[in-house]
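Here is the structure we will look at.
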Amino acid sequence: MIPIRADGAVVEPVSVAELRAYLRLDSDDGGTEDGLLQALITAARASLEIEARRVLVPGRYRIALDAWPANGRLTLPLSPLVALVRAGLSDAKGVTELAAGLVRLGPDPIEAPGLLIDPTVPDPAGRTILIEVAAGFGGDGPPLPAPLRLAILRLAAARYEHRGDEPDAARTDAADLAAPFRRMRL
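Residue numbers (my numbering): 1054 to 1239.
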């Protein structure tokens, strides 16, 4: 099961203007490096998402399954889990939405994100189970913790200052800032 991002463009948690201020860059240059700064912000955020195993920007994700989990719990690799957008069964004729309450968020959507499946949920019987969830910090979810926001700024700034000079010098610092928020796997 691999969640697929279902919505469009991502709004980064740090703006180019904020990174410019953090780097103490003049705003008189006409924004000639704004494309680079935006790319560095995106790369820093993506690196920290991998490091923390958390979704740092809000988004909708689709999941397709062949069968319901036997234990009635579907653990998802998306944290924080914000909402169940929809759940249904798909076949050649279209998608049949499931009744409300048959699939719902688990009790701890941040530390143990998952869905609880009611035992009365219909058997897919050859149909594909489609689930769409909202996940991530910001938007309708919890605000991005300040240390993670700072980690994005520091990692983007280090990559700006050391373009091609050396290995990723800020990786350790960013990893240290992300460590308290990292989801552990058993």
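Think of the CB as a built atom: it goes at the ideal place given N, C-alpha and C, for glycine as much as any other residue.
* To the nearest whole angstrom, what separates the beta carbons of Ala-1120 and Pro-1177, a pair I think is in contact under 8 Å? -> Residue numbering aside, residue 1120 sits at position 67 when the sequence shown is read from its first letter. Residue numbering aside, residue 1177 sits at position 124 when the sequence shown is read from its first letter. Going by Cβ atoms, the distance from Ala-1120 to Pro-1177 rounds to 6 Å, so yes, they are a contact pair.
* To do: With a floor of 3 residues, list each beta strand (DSSP E) that falls wholly inside the segment 1074-1127, ordered by position along the chain.
  => 1112-1118
* Asked: Can Leu-1109 and Arg-1126 be called in contact, C-beta distance under 8 Å?
  -> Here residue 1109 corresponds to residue number 56 of the sequence shown, with the count starting at 1. Here residue 1126 corresponds to residue number 73 of the sequence shown, with the count starting at 1. Result no, Cβ atoms of Leu-1109 and Arg-1126 do not sit closer than 8 Å.
* To do: From the DSSP output, in three-state form, read off Val-1135 for me.
  => Translated into positions along the sequence shown, residue 1135 becomes position 82. In the structure shown, Val-1135 sits in a strand (DSSP, three-state: E or B).
* Asked: What is the rounded straight-line gap between the Cα of Ser-1132 and the Cα of Ala-1210?
  -> As a position in the sequence shown, residue 1132 is number 79, starting the count at 1. As a position in the sequence shown, residue 1210 is number 157, starting the count at 1. Going by the C-alpha atoms only, they are around 26 Å apart.
* Express the C-alpha separation of Ala-1092 and Ile-1205 in angstroms, rounding to a whole number. => Along the sequence shown, one-based indexing puts residue 1205 at 152. Along the sequence shown, one-based indexing puts residue 1092 at 39. So the two alpha carbons sit approximately 12 Å from each other.
* Going by beta carbon distance, what residues of the same chain come within less than 7 Å of Ile-1057, once the five residues before and after it are set aside? -> Taking the first residue of the sequence shown as 1, we reach residue 1057 at position 4. Around Ile-1057: Tyr-1114 and Arg-1115.
* To do: Could you spell out where the alpha helix (DSSP H) holding Leu-1201 opens and where it closes?
  => Along the sequence shown, read from residue 1 onward, the residue named residue 1201 stands at position 148. Note, Leu-1201: alpha helix (DSSP H), 1199-1214.
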